[in-house]
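Chemist:
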Amino acid sequence: MVKRTSFEHDDCPIARSLDAIGDWWSMLIIREALFGVSRFGEFQKRLGLAKNILTVRLRALTDQGILKTAPASDGSAYQEYLLTRKGRGVFPILVALRQWSEEFDERPEEISTILVDKENGQPVRKLELYSQDGRPLGAGDTALKSRPAEKQGKRATASPSS
Numbered sequence: 001m002v003k004r005t006s007f008e009h010d011d012c013p014i015a016r017s018l019d020a021i022g023d024w025w026s027m028l029i030i031r032e033a034l035f036g037v038s039r040f041g042e043f044q045k046r047l048g049l050a051k052n053i054l055t056v057r058l059r060a061l062t063d064q065g066i067l068k069t070a071p072a073s074d075g076s077a078y079q080e081y082l083l084t085r086k087g088r089g090v091f092p093i094l095v096a097l098r099q100w101s102e103e104f105d106e107r108p109e110e111i112s113t114i115l116v117d118k119e120n121g122q123p124v125r126k127l128e129l130y131s132q133d134g135r136p137l138g139a140g141d142t143a144l145k146s147r148p149a150e151k152q153g154k155r156a157t158a159s160p161s162s
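Residue numbers (UniProt numbering): 1 to 162.
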């Protein structure tokens, strides 16, 4: 088995995020957890994932603090995997990925669902990025700069990567 490179200590926050949630099975497990799936067997059935791979991914997501384990809510001997605050924070990332796919997929008609607001049944508006003063921002409107030294912890300089 080839061990993948870890980006846990990389200076880039995107690389660090991918280290925690960057493989597709992890993102799909989080997606299912957001829809209320909490049991090993439910994840396996919904994702069609081999038990050994699911075990490794659930352990990694738990170790990363994205999921936590708890006794089954029905009082059985099983345990449940529940999203933490950190895990629920992945929701906007999944929405952004979904919206990107809906816009750029070569066969959008094959996408069988739309994301709607539960309260009114209307489609969710496309995510947008705004400046502090409310202006819409695109990639060309942003830049990376070094973090002030007092916010860098032990590092004296930041490498503006990603």
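Think of the CB as a built atom: it goes at the ideal place given N, C-alpha and C, for glycine as much as any other residue.
Fully enclosed by the stretch 38-86, which alpha helix (DSSP H) runs are 4 residues long or longer?
Modeler: 40-47, 51-63
Chemist: Please classify Ser38 as buried or exposed, where buried requires at least 16 other C-beta atoms within 10 Å of its C-beta.
Modeler: buried
Chemist: DSSP beta-bridge partners for Val95?
Modeler: Looking at the DSSP assignment, Val95 forms no beta bridge with any residue, so it has no partner.
Chemist: Taking DSSP's pairing of strands, which residues face Asn136 in a bridge?
Modeler: Correcting the residue identity first, residue 136 is Pro in this sequence and not Asn. Tyr130, per the DSSP bridge assignment.
Chemist: What are the boundary residues of the alpha helix (DSSP H) that includes Arg31?
Modeler: 24-34
Chemist: Among Arg16, Leu47, Ser17, which residue has its Cα nearest to the Cα of Arg31?
Modeler: Leu47
Chemist: Can you tell me the Cα-Cα spacing of Ser162 and Ala77, whole angstroms?
Modeler: At Ser162, the pLDDT of 47 sits below 50, so the modelled position is not reliable; the number obtained from the coordinates is stated separately. Cα-Cα distance, rounded: 45 Å.
Chemist: By how many angstroms is the C-alpha of Asp74 removed from the C-alpha of Pro160?
Modeler: For Pro160, the predicted model reports a pLDDT of 46, less than 50, meaning its position is unreliable; a value from the coordinates is still stated below. Spanning the two alpha carbons is a distance of roughly 49 Å.
Chemist: Can you tell me the Cα-Cα spacing of Ser17 and Arg85, whole angstroms?
Modeler: 15 Å
Chemist: Comparing alpha-carbon positions, which option in Gly89, Leu49, Ala20, Arg135 lies nearest Thr62?
Modeler: Ala20
Chemist: Taking Ile66 as the reference, which of Leu144, Pro123, Asn120, Gly22 has the closest Cα?
Modeler: Shortest Cα-Cα distance from Ile66 to any of Leu144, Pro123, Asn120, Gly22 involves Gly22.
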